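**Q** Structure in structure tokens, see below.
In my numbering, the protein residues as written are 1 to 286.
Structure follows, in structure tokens:
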């Protein structure tokens, strides 16, 4: 189950998004930047890990399937977000970013490059589902991060990440299915997907995509038996996806109050923890 504390932090982050807490802050702040296919989300926490501010902007195709395709576009969006935060007296300097587990090398470093380009000091890089697990505070289970372009998997046993994987299936693929069915551009298909009045109609059409996500989970978990699947990521917000995952995998499935905000908040917590550990290590050597 998702802890009450985890859900409370997500609710608090949602309330702080684009608004912020009481200002100004007299202590260092730590940011987590989620460069997603659908949205770019920045979360900011204080030294106790409490959400204090954040920003969310549609990514405008700057990132696709875990790869930064448009550096200028991604940098422009993030610079706007950091500018809004600093204008609200949220002085952000230290930040971390996340990448899908299957990304490596230059593609992984690209996420850090975007942060550096807007003047942020990059503290760390972390894979997306592992970042999510920091918010959920779980010691056993499997985090399935279903984003706009990819599905990431992080298996946790006795508090340790023992396996990660990533495949290119997510919300963008839902949009492609709808665009093909209705004969409309992908941008219009996304609006159809988000229209509550068409939710039942859309659910029947896109169920195969969710079944594919479940198939990905089954494949990567073969030979392992986590008690629970924890769904996070923007695509996990679609009603009914939890039921499909449970039916197809035979596992217990649970979702936090706002799956979209889990990963960015986890990235910010990773930034805080890494910075704190480095400071403690430096003091120990002095």
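Where a beta carbon is used, it is the ideal one built from N, C-alpha and C, also for glycine. Here the structure is a predicted model, which means the values were calculated and not measured.
Going straight from the alpha carbon of residue 221 to that of residue 27, what length do you get?
**A** Approximately 42 Å, taken between the alpha carbons.
**Q** Going by beta carbon distance, what residues of the same chain come within less than 8 Å of residue 274, once the five residues before and after it are set aside?
**A** Only 96, 123 and 124 meet the Cβ criterion.
**Q** Rounded to a whole number of angstroms, what is the C-alpha to C-alpha distance between residue 133 and residue 143?
**A** Each residue's alpha carbon lies about 7 Å from the other.
**Q** Alpha helix (DSSP H) containing residue 85: first to last residue?
**A** Per DSSP, residue 85 belongs to the alpha helix (DSSP H) from 71-87.
**Q** If I measure Cβ to Cβ from residue 207 and keep anything under 7 Å in the same chain, skipping five residues before and after, which residues do I get?
**A** Counting only Cβ-Cβ distances below 7 Å, and skipping sequence neighbours, we find 244.
**Q** Look up residue 133 in the DSSP assignment and say whether it is helix, strand or coil.
**A** In the structure shown, residue 133 sits in a helix (DSSP, three-state: H, G or I).
**Q** Applying the criterion that 16 or more other CB atoms from any shown protein chain within 10 Å of the CB defines a buried residue, is residue 139 buried or exposed?
**A** It counts as exposed.
**Q** Looking at residue 120: is its Cβ nearer than 8 Å to the Cβ of residue 93?
**A** Yes, they are a contact pair.
**Q** CA-CA distance, residue 185 and residue 177?
**A** If you take the alpha carbons of residue 185 and residue 177, they lie about 11 Å apart.
**Q** Is DSSP giving residue 105 helix, strand or coil here?
**A** DSSP places residue 105 in helix when its eight states are reduced to three.
**Q** Count the other CB atoms within 10 Å of the CB of residue 227; is the residue buried (16 or more) or exposed (fewer)?
**A** Per the 10 Å Cβ criterion, exposed.
**Q** Roughly how many whole angstroms lie between the Cα atoms of residue 151 and residue 53?
**A** Going from the Cα of residue 151 to the Cα of residue 53 covers about 27 Å.
**Q** For my contact list, residue 101 and residue 5 are in at a C-beta cut-off of 8 Å; report their separation, rounded to the angstrom.
**A** 26 Å between Cβ atoms; not a contact.
**Q** Is residue 144 helix, strand or coil by DSSP?
**A** Residue 144: strand per DSSP, three-state reduction.
**Q** Near residue 252, which residues of its chain fall below 8 Å by C-beta distance, leaving aside the five closest residues on each side in sequence?
**A** Excluding positions up to five away in sequence, the list reads 227, 228, 229 and 246.
**Q** Keeping to the same chain, check which residues put their C-beta closer than 6 Å to that of residue 167; ignore five residues upstream and five downstream.
**A** Closer than 6 Å at the Cβ level, and outside the excluded window around residue 167, lie 151 and 216.
**Q** What does a CB cutoff of less than 8 Å around residue 75 pick up in its chain, not counting 5 residues either side in sequence?
**A** Correct list, in chain order: 114, 117 and 118.
**Q** In whole angstroms, what is the alpha-carbon distance linking residue 110 and residue 157?
**A** Roughly 30 Å separates the two Cα atoms.
**Q** Based on the DSSP secondary-structure assignment, which residues constitute the bridge partners of residue 64?
**A** 67.
**Q** Going by the CB atoms, is the gap between residue 232 and residue 7 shorter than 8 Å?
**A** For residue 7 and residue 232, no; Cβs fall outside 8 Å.
**Q** Among 42, 91, 48 and 190, which has the Cα closest to the Cα of residue 98?
**A** Nearest C-alpha to residue 98: 42.
**Q** Pull the bridge partners of residue 154 from the DSSP assignment, please.
**A** Note: residue 154 sits in a beta bridge opposite 143 and 164.
**Q** Who are the Cβ neighbours of residue 276 in its own chain at under 7 Å, not counting the five residues just before and after it?
**A** Excluding positions up to five away in sequence, the list is empty.
**Q** How about residue 57 and residue 149: do their beta carbons lie closer than 8 Å?
**A** For residue 57 and residue 149, no; Cβs fall outside 8 Å.
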